[in-house]
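S.K.: According to this note's numbering, the residues represented by the sequence shown are 11 to 301, in order.
In this text, a Cβ means the ideal position worked out from N, Cα and C, and glycines have one as well.
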Amino acid sequence: MGTQFDIYANVTNRIIEEMEQGRLPWEKDWICAGGIINRVSKKAYSGINILILGLAGMAYSSQQWLTFKQAKELGGSIRKGEKGTRIVFYKNRVIKDEADPDNDKTIPVLRTYTVFNIEQCEDIEAYKMESNNGESETPLYDFVQELARANEIRMTYGDPAYSESADVVRMLQLSEFRTEAGYAQAATHEFTHWTGAAKRLGRFKEFEEEFTTHREAYAREELVAELGSAFFSVYLGIPSVTTHAAYLQAWIKALRGDKKFIFSAAADANRALMLLHPAMFRAKDLEGEDE
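1) Tell me the rounded alpha-carbon separation between R180 and A229.
2) Quick one: which unbroken beta strand (DSSP E) runs of 3-plus residues sit fully inside the stretch 65 to 101? Chain order, please.
3) Which residue wins for smallest C-alpha separation from K82, given the options P111, A54, E132 and A197?
4) Taking DSSP as the reference, what is the three-state secondary structure of I47?
5) Considering only the alpha carbon of each residue, which of F271, P288 and M290 lies closest to I58?
6) Any chance the stretch 186 to 196 sits against the stretch 227 to 247, with 3 or more Cβ pairs inside 8 Å?
7) Sorted by chain position, which residues of the same chain lie with C-beta nearer than 8 Å to R89's C-beta, five sequence neighbours on each side aside?
8) Per the DSSP calculation, P118 is bridged to which residue(s)?
9) In whole angstroms, what is the alpha-carbon distance linking L233 and L120?
10) Where do the N-terminal and C-terminal ends of the beta strand (DSSP E) with S2 fall, by residue?
11) Going by DSSP in three states, F273 sits in which element: helix, strand or coil?
12) In the DSSP assignment, find the unbroken beta strand (DSSP E) run with Y257 in it and report its ends.
13) Determine the closest residue to I17 out of I163, I97, M290 and D177, with distance taken between C-alpha atoms.
14) Give every residue of the same chain whose Cβ lies closer than 6 Å to the Cβ of L84, excluding the five residues on either side of it in the sequence, and list them in chain order.
15) The alpha helix (DSSP H) that contains Y18, what's its start and end?
16) Considering only the beta carbon of each residue, do I128 and L76 sit closer than 8 Å?
17) On a CA-only basis, which of K209, V244, I248 and T202 is nearest E231? Give me that one, please.
18) Would V251 and E37 be called neighbours here (beta carbons separated by less than 8 Å)?
19) Find the nearest neighbour of F99 within the set F187, Y123, I117 and A54, judged by alpha-carbon distance.
20) In this structure, does DSSP put R281 in helix, strand or coil?
21) Name the DSSP beta bridge partners of Y167, please?
22) Assuming Y193 is part of the alpha helix (DSSP H), what are its boundary residues?
23) Which of the three DSSP states is assigned to W40 in this structure?
24) Helix, strand or coil: how does DSSP classify E132 here?
25) From the DSSP output, in three-state form, read off V214 for me.
26) G32: which of D278, L286, A256 and G45 sits nearest, CA to CA?
27) Throw me the rounded Cβ distance for the L258 and M29 pair, which I believe falls under 8 Å.
28) What do you get for Q80, buried or exposed, if any count of 16 or more other CB atoms within 10 angstroms of its CB means buried?
29) Please report how far the alpha carbon of A19 lies from the alpha carbon of L285, in whole angstroms.
30) CB-CB under 7 Å to D278, same chain, minus the five flanking residues each way: which ones, in chain order?
31) Does P118 pass the burial test, meaning 16 or more other C-beta atoms within 10 Å, or should it be called exposed?
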């Protein structure tokens, strides 16, 4: 239980520190193909681990990570005195009912393991990835259109927004954005909102009556959409820039009141991405590599 408290509290406190300085952890320029990856598996990290490693990675130019064991297997080592970064994964635990096996329950239990940035290592070279300099191999406009087509998202013209009653995403024309990346970020933000409808992931149901009267409830959904867009940006290798900083104080207040708040919001954003673009999750986080 102590380990869980530490990881929740430590991550939350670090994010609060950044926000109090007017910085958002997901705004770091991850201009690299594939985003934040494991050096050995080449798999991309996802969800809350993007934020954890993004914060830790501000001290490094590389976004490639590995465990102590992996460094050793590559013939290298962790530089003496270097401290690792603890990231998380969930491992299913079966709670048995001795009286009735049919009532056995499976619950996800948070676990952590430690990784190091390759710049903390000796005798380990970075995996060479082709930089896209902020330009996706697939044009971002085409990526957005294909995402909408594959998910049968109805789009119409207007300022970026999602209407649950009409179940439609409004978007401006590409030419009305300063950059194609800006267009993609706005679209994926609204697409993340789209996943919250009752007939999809049902995120709005819990807060339906509160959206119009409680700023906090709406601010949480904006954070989910902001993270969804940021995670897409990492995947696409484009810089993430928020347009919803007006919710900053509400987010700080929520984080102070609940150390699991950011984990919950990141999990909802991750579920949204799994629905929108399952191919992103063919490369999942490693499940607790040996340290």
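M.R.: In short:
1) As a working mapping, residue 180 is identified with position 170 in the sequence shown. As a working mapping, residue 229 is identified with position 219 in the sequence shown. One Cα belongs to R180, the other to A229, and the distance between them is close to 20 Å.
2) Complete beta strand (DSSP E) runs here, min 3: 74 to 76.
3) The sequence position of residue 82 within the sequence shown is 72, counting from 1. Looking at the Cα atoms, E132 is the closest of the given residues.
4) The sequence position of residue 47 within the sequence shown is 37, counting from 1. Note: I47 maps to strand in three-state DSSP.
5) Here residue 58 is taken as the residue at index 48 of the sequence shown, counted from 1. Answer by Cα proximity: F271.
6) Verdict: yes, contact present.
7) Locating residue 89 in the sequence shown gives position 79, where the first residue counts as 1. Excluding sequence neighbours, R89 sits near Q130, C131 and E132.
8) The sequence position of residue 118 within the sequence shown is 108, counting from 1. Beta-bridge analysis with DSSP links P118 to N102.
9) Start at 1 with the first residue of the sequence shown, and residue 233 comes out as number 223. Start at 1 with the first residue of the sequence shown, and residue 120 comes out as number 110. Roughly 22 Å separates the two Cα atoms.
10) This structure leaves residue 2 out entirely; the chain is present only between 11 and 301.
11) In the sequence shown, the residue the question calls residue 273 occupies position 263. F273 falls in the helix class under three-state DSSP.
12) Translated into the one-based positions of the sequence shown, residue 257 becomes position 247. Counting along the chain, Y257 falls outside any beta strand (DSSP E), and DSSP gives it neither H nor E.
13) The residue you call residue 17 lines up with position 7 of the sequence shown. Of the listed residues, the one whose Cα sits closest to I17 is I97.
14) Here residue 84 refers to the residue found at position 74 when the sequence shown is read from its first residue. The answer, listed in chain order, is I134.
15) Locating residue 18 in the sequence shown gives position 8, where the first residue counts as 1. Start and end: G12 to E30.
16) Residue numbering aside, residue 128 sits at position 118 when the sequence shown is read from its first letter. Residue numbering aside, residue 76 sits at position 66 when the sequence shown is read from its first letter. Yes.
17) In the sequence shown, the residue the question calls residue 231 occupies position 221. Comparing Cα-Cα distances from E231 to each of K209, V244, I248 and T202, the minimum goes to T202.
18) Position 241 of the sequence shown, counting from 1, holds the residue named residue 251. Position 27 of the sequence shown, counting from 1, holds the residue named residue 37. For V251 and E37, yes; Cβs fall inside 8 Å.
19) Residue mapping note: residue 99 aligns to position 89 of the sequence shown, counting from 1. Among F187, Y123, I117 and A54, the Cα nearest to that of F99 is on Y123.
20) For this step, residue 281 is matched to residue 271 along the sequence shown. For R281, the secondary structure class from DSSP, reduced to helix, strand or coil, is helix.
21) Along the sequence shown, read from residue 1 onward, the residue named residue 167 stands at position 157. BP columns for Y167 point to M181.
22) Within the sequence shown, residue 193 is the residue found at index 183, counting from 1. Per DSSP, Y193 belongs to the alpha helix (DSSP H) from E190 to W204.
23) For the purposes of this step, residue 40 is identified with residue 30 of the sequence shown, where counting begins at 1. Its pLDDT being 48, under 50, W40 is placed unreliably in this model, and the coordinates cannot settle the point.
24) Along the sequence shown, read from residue 1 onward, the residue named residue 132 stands at position 122. Of the three classes helix, strand and coil, the one that applies to E132 here is strand, per DSSP.
25) Walking along the sequence shown from the start, residue 214 turns up at place 204. The sequence shown places Phe at residue 214, rather than the Val named in the question. It is coil, neither helix nor strand.
26) Looking up residue 32 in the sequence shown gives position 22. The residue among D278, L286, A256 and G45 with its C-alpha nearest the C-alpha of G32 is A256.
27) Here residue 258 refers to the residue found at position 248 of the sequence shown. Here residue 29 refers to the residue found at position 19 of the sequence shown. Yes, they are in contact, since the Cβ atoms of L258 and M29 sit about 6 Å apart, within 8 Å.
28) Walking along the sequence shown from the start, residue 80 turns up at place 70. Residue environment: Q80 is assigned as buried (16 or more neighbouring CB atoms within 10 Å of its CB, all protein chains considered).
29) Numbered from 1 along the sequence shown, position 9 holds the residue referred to as residue 19. Numbered from 1 along the sequence shown, position 275 holds the residue referred to as residue 285. Computed Cα separation, rounded: 29 Å.
30) Numbered from its first residue, the sequence shown carries residue 278 at position 268. Hits under 7 Å: R213 and V234.
31) In the sequence shown, residue 118 corresponds to position 108, counting from 1. Looking at its Cβ environment, which holds fewer than 16 other Cβ atoms inside 10 Å, P118 is exposed.
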